[in-house]
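Residues in the sequence shown are numbered from 1 upward in steps of one, following full-length UniProt numbering.
Think of the CB as a built atom: it goes at the ideal place given N, C-alpha and C, for glycine as much as any other residue.
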Amino acid sequence: MKIFRGKRFCKIASVFAAILLAFSFLSCSDGSDSGSTLAQDGNLSSMTSREFAAAMTVGWNLGNTLDVHDNSKGKENLGIGVQAWWGMKAPTEAMIKKVAEKGFKTIRVPVIWHNHITDEKYTIDREWMAHVKNVVGWAIDAGMFVILNVHHDNLTAAQMDSLYGYCIEEDSALQEKSKAYLSAVWKQIADEFKNFDGHLVFEVLNEPRHITETVPGFNPDEDELKKWNPIIKDYEETCISAIRETGGNNESRFIMVPFCVAHPTRSAGWSVPSDSASGKILISTHAYDPYLFAMSDDTNKEFTAEFKGALEHLFKTSGGDLSKWVNQGYGVVMGEASASDKNNTDGRKKWIGSYFTLASKLGIPVIIWDNGITWDTGDAEKRRVGECHGWFNRETLEWFYPSLVDEIIEKGKPVAVSSGTEPSKNEPLEIAALAGKKTSWGNDISVGTEYAARLKVGSKVSFTVANNTDAEGNAYCKFRVTKNWAPCGVSEYYDASTNGKIAVEEAKDEAGNPNGTYENAGSVGAGSYYFLVTAENLGKLNGGFDIMGNFTLTKLVLSGLSE
């Protein structure tokens, strides 16, 4: 089933509606979910962050192609021809179809923009933008999720005068210049793609880091992380705002955000950036792990028990560098991973079996990095530095190691997002992805079944709220627990500061008749409140529930859960 993009396609579709109806494998879409071959994964707009990430399953990177760059050229617009400078064939629709046919559900399209700017207003070359749009369109038409990013635009402070781009520096003037660049570029990208449906994901930065002329910045210590990560978060909020402001499907599009270097262990000093959309943030991370096996050089060819243990630690289901985000309600996307070809097919097969199985149990899709280079095709230097990450032969449209790719597809199959991803029953579960949402009547906070199914008699649902202002400018706070406005059996609420019940009243429908749902009587002040799960309301709450009303949610915690 195709997804046609743009108004000109929709005009054709309206003229030949009867023909299109007869050939039901074609459909016209301005980016709506209904035009997607992935509709079976559910309504994307209603998915939680974790559900969305799990649906992405397993993916492939179009590496060393649209991300080719040359900083020696200054501010010159390098044009489309640059994509071949690193030896890769230009992407074609046939190439993308082959990747999709193999079973990959996601494609990541790394893109360089700073070598394709035409003026000091950061205007993107229209020919380059159209080319990127074609590639993304082929992948959407093939029924894939697509990750589109800003890739190697990260510069040193010294390069900021001679190149377009951004840098991670403490200097406030450089920060403002960096944010101006990122805002301008993302506004243009977002505006170009705002009619694409929810299968398109924006990744605002790649591996952001402080770079100097002598230090590439991949190994910052904790003090450095605490210095650079707040700056990275600030840049990300600039990007997110630029994207949301363009409207269309970008108002609720999922956005991927990394911390410093994007490695799971580099998040010190970073927190999830704010977003006007609720629950639409995905954590972006990369891990060529264990490094000695996967990347460092051409030694360590065997996948040992020690290496397996390192992966089990990385992907542990509670208290880990990845699971800490998952258990807060965020989807995590492993945007880059691979094990360099060291002429060690058996070792790499074992690595795949461990890495992809562990990731799938956490609901983390793994997007394999592909630079087109294998042990046989790479030179001695590429072998020596562990840069043989070729999986797909773009000349022949065949896979270099079919059995390994089959293993990737098989081990990357999703499992239920609730499997092995939550803390123990004695550990409260904070759904951080919902924090900051401002509700109004009809704009509710929804707690999905991946959380609600673990409620049991005696469980507590705690929520911390701030007052909202109604349409008349009155600040007040009311809340009510329902399921699509229907009663859930919750009629008692408690003030967490005193554990005392607060006064409630039965709500009324539009005709003024009591409707079986209960809300706090009058307005309550900003603070923490909770309700309890009972034998009478358990069955209704387990199917998911909504907290509606007029307030800003600052925290939502479930405690006393079943395993």
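query: 7 Å Cβ shell around residue 566 - same chain, five flanking residues per side excluded; result: Any property of residue 566 remains undetermined from this structure, which presents the chain solely from 1 to 563.
query: C-beta atoms of Phe400 and Lys350 nearer than 8 Å; result: no
query: Given 8 Å, three or more beta-carbon pairs between the region 184 to 204 and the region 248 to 264; result: yes
query: Coil, strand or helix - Leu314 by DSSP; result: helix
query: Nearest neighbour of Gly59, chosen from Ala90, Lys102 and Met47 [CA to CA]; result: Lys102
query: Buried or exposed by the 16-neighbour rule on C-beta atoms within 10 Å, applied to Asn499; result: exposed
query: Pair within 8 Å by beta-carbon distance, Leu429 and Asn327; result: yes
query: Sequence-distant residues of its chain with Cβ nearer than 6 Å to Val99 (five each side left out); result: Trp60
query: Host alpha helix (DSSP H) of Trp138 (start-end); result: Arg126 to Asp141
query: Backbone CA spacing between Cys260 and Asn77 [nearest angstrom]; result: 28 Å
query: Phe293 in three-state terms, based on DSSP; result: helix
query: Classification of Ser274 by the beta-carbon crowding that lies within 10 angstroms, buried from 16 upward; result: exposed
query: Chain E contact for His263 (CB, 8 Å cutoff); result: You won't find chain E in this structure, because it holds only one protein chain.
query: With 16 other Cβ atoms within 10 Å as the buried cut-off, status of Phe545; result: buried
query: Nearest-angstrom Cα separation, counted from Gly527 out to Arg394; result: 58 Å
query: Span of the beta strand (DSSP E) around Asn515; result: Pro514 to Asn520
query: Three-state secondary structure (DSSP) of Ile168; result: coil
query: Of the residues Gly458, Leu282 and Met334, the one placed nearest Leu434, counting alpha carbons only; result: Leu282
query: Contact the region 117 to 126 vs the region 178 to 193: 3+ CB pairs below 8 Å; result: yes
query: Local Cβ density within 10 Å of Pro414, reported as buried at 16 or more and exposed below that; result: buried
query: Segment contact flag, the region 523 to 541 with the region 484 to 502, C-beta cutoff 8 Å, min 3 pairs; result: yes
query: Anticipated Cβ contact below 8 Å, Tyr476 with Phe531, distance rounded; result: No, Tyr476 and Phe531 are not in contact; Cβ-Cβ is about 20 Å, not under 8 Å.
query: Extent of the continuous beta strand (DSSP E) run through Phe145; result: Phe145 to Asn149
query: Extent of the continuous alpha helix (DSSP H) to which Trp270 belongs; result: Per DSSP, Trp270 belongs to no alpha helix (DSSP H) and is neither H nor E.
query: Beta carbon of Gly549 nearer than 8 Å to that of Phe479; result: yes
query: Proximity winner among Ser162, Val272, Val481 and Ile367, relative to Lys105 (alpha-carbon distances); result: Ile367
query: Three-state secondary structure assigned by DSSP to Thr421; result: Note on Thr421: pLDDT 39, under 50, position unreliable in the model; the coordinate value appears next. Three-state result, Thr421: coil.
query: Buried or exposed by the 16-neighbour rule on C-beta atoms within 10 Å, applied to Ser267; result: buried
query: Residue of Phe392, Phe551, Tyr529 and Ser446 minimising C-alpha distance to Lys460; result: Tyr529
query: Beta-carbon proximity of His286 to Ala337, cut-off 8 Å; result: yes
query: For Thr57 and residue 596, the rounded distance between their alpha carbons; result: Because the chain in this structure spans residues 1 to 563, residue 596 falls outside the shown range and cannot be described.
query: Contact check, Gly363 vs Ala54, beta carbons under 8 Å; result: yes
query: Check whether Ala496 and Thr554 have beta carbons under 8 Å apart; result: no
query: Enclosing alpha helix (DSSP H) for Glu245 [first to last residue]; result: Glu222 to Glu245
query: Gln175 versus Cys239 - alpha carbon distance; result: 13 Å
query: Chain-order list of residues whose beta-carbon lies under 6 Å from that of Thr265 (same chain, five-residue window excluded); result: Asp321
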